[in-house]
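The next block holds one structure in the form of structure tokens; read it before the comments.
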Amino acid sequence: MMTETMPSSLNRRILDTDGDVVARWSVPMQDIVHLVEFEHGTTTGKRVCRVDGEVVLRYDWKFKLVGKDDFEIGSTKCSINVEALGTFAYSYSLEVDGKKFETFREEMKRKLISWKTNIAGQETRICLDKDTMEVWANGVKMDTAGEFVEGGSETHFELKGSVCVIKAISSGRKRTGVTQELYVNNKHVPRCLKE
């Protein structure tokens, strides 16, 4: 059974029973939202970490039941910390790029804008990195062409025969600044509010 130690925390998990997956995190990055799953055997110290279903870390037996295990998502360094809360109760926390998961997730929320749409019959996630202006579609970095237009800029790219444009225009408000909108074949695509 998996429960959170604090309702507001997505990062810290507590284990009440032995086996299976004890913690899951959805880690947003430019390419895709990665699913990190962690298994912890409290009698053997077994630890298994999967990223998007692929095993990236495995210990079938460890003497120490608590501690820190490092792994990578692509080239980003990550670690899972296992802490004892009492007898056979453990807390699990994730660090991404040297930051607590919540901090990393908030940074990504400010840095990345993503949209989900159907292109050529396939669910497609398009992501704009506002810092680098790179555009990613389902994990593939897109070749783009940018141009300045009246009132802002446009970033053009093609995806499976569909013409895509990200328009960056001033919101007219100092606090909001520039807003980005995606158009696929001249149809507006609403932004993903939650990932």
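Number 299 marks the last residue of the sequence shown (my numbering); no jumps.
Every residue, glycine too, gets a C-beta built ideally from N, C-alpha and C.
Treat the numbers as computed from the prediction; the structure is a model and nothing was measured.
C-alpha distance - Arg154 paired with Thr259, whole-angstrom precision: When rounded, the separation of the alpha-carbon atoms in Arg154 and Thr259 is 35 Å.
DSSP beta-bridge partners of Ala224: Answer by DSSP bridge pairing: none, since Ala224 is not bridged.
Run of the alpha helix (DSSP H) containing Phe208, from where it starts to where it stops: Segment 205 to 215, the alpha helix (DSSP H) holding Phe208.
Proximity winner among Phe252, Val267, Gly255, relative to Met246 (alpha-carbon distances): With distances taken between Cα atoms, Met246 lies closest to Val267.
Rounded straight-line distance, which links the Cα of Arg128 to that of Ser195: Taking the straight line from one Cα to the other gives about 12 Å.
DSSP three-state assignment for Gln284, whether helix, strand or coil: Assigned with DSSP and collapsed to three states, Gln284 falls in strand.
Residue of Cys182, Gly171, Lys204, His138 minimising C-alpha distance to Leu189: Per the C-alpha coordinates, the member of Cys182, Gly171, Lys204, His138 positioned closest to Leu189 is Gly171.
Assigned secondary structure, Glu132 (DSSP; H/G/I helix, E/B strand, else coil): First, the residue type needs correcting, since residue 132 is Pro and not Glu in the sequence shown. Three-state result, Pro132: strand.
Own chain partners of Gly159 with C-beta closer than 7 Å, once the 5 adjacent residues on each side are dropped: The residue you asked about is not Gly; residue 159 is Val in the sequence shown. Closer than 7 Å at Cβ, skipping near neighbours: Val152.
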